[in-house]
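Its first residue numbered 121, the sequence shown is counted upward by one per residue in the numbering used here. C-beta atoms are modelled at their ideal positions from N, C-alpha and C, and glycine is treated no differently.
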Amino acid sequence: MDRPTLRAIEDHLIAALRLAEKADIGLAIYLINVILMDVRDRLSGKIKEN
Numbered sequence: 121m122d123r124p125t126l127r128a129i130e131d132h133l134i135a136a137l138r139l140a141e142k143a144d145i146g147l148a149i150y151l152i153n154v155i156l157m158d159v160r161d162r163l164s165g166k167i168k169e170n
């Protein structure tokens, strides 16, 4: 994926995380955080695309 797409995904995940935190939905918070870490790793170059 290109960087603008990853940035957009990151922004949407952050918004979803805020909503999950407000609703106090623990599993959603955990899953969103895991996906967000993956996206940030891809943005930083720690994970390479195949």
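Buried versus exposed call for residue i [16 or more other C-beta atoms within 10 Å across all chains shown]
{"i": "V159", "result": "buried"}
{"i": "I167", "result": "exposed"}
{"i": "I152", "result": "buried"}
Boundaries (first-last residue) of the alpha helix (DSSP H) holding residue i
{"i": "L144", "result": "Sequence inspection shows Asp at residue 144; the Leu mentioned does not correspond to that position. It is not in any alpha helix (DSSP H) - D144 carries neither H nor E in the DSSP assignment."}
Rounded separation between residue i and residue j - CA only
{"i": "L147", "j": "L133", "result": "14 Å"}
{"i": "G165", "j": "D122", "result": "12 Å"}
{"i": "E119", "j": "A143", "result": "Past the boundaries of the shown model lies residue 119; the chain is included only from 121 to 170, so the question cannot be answered."}
{"i": "R162", "j": "A128", "result": "13 Å"}
{"i": "I149", "j": "P124", "result": "24 Å"}
Contact belief for residue i with residue j at Cβ below 8 Å, rounded distance in angstroms
{"i": "L156", "j": "L137", "result": "7 Å"}
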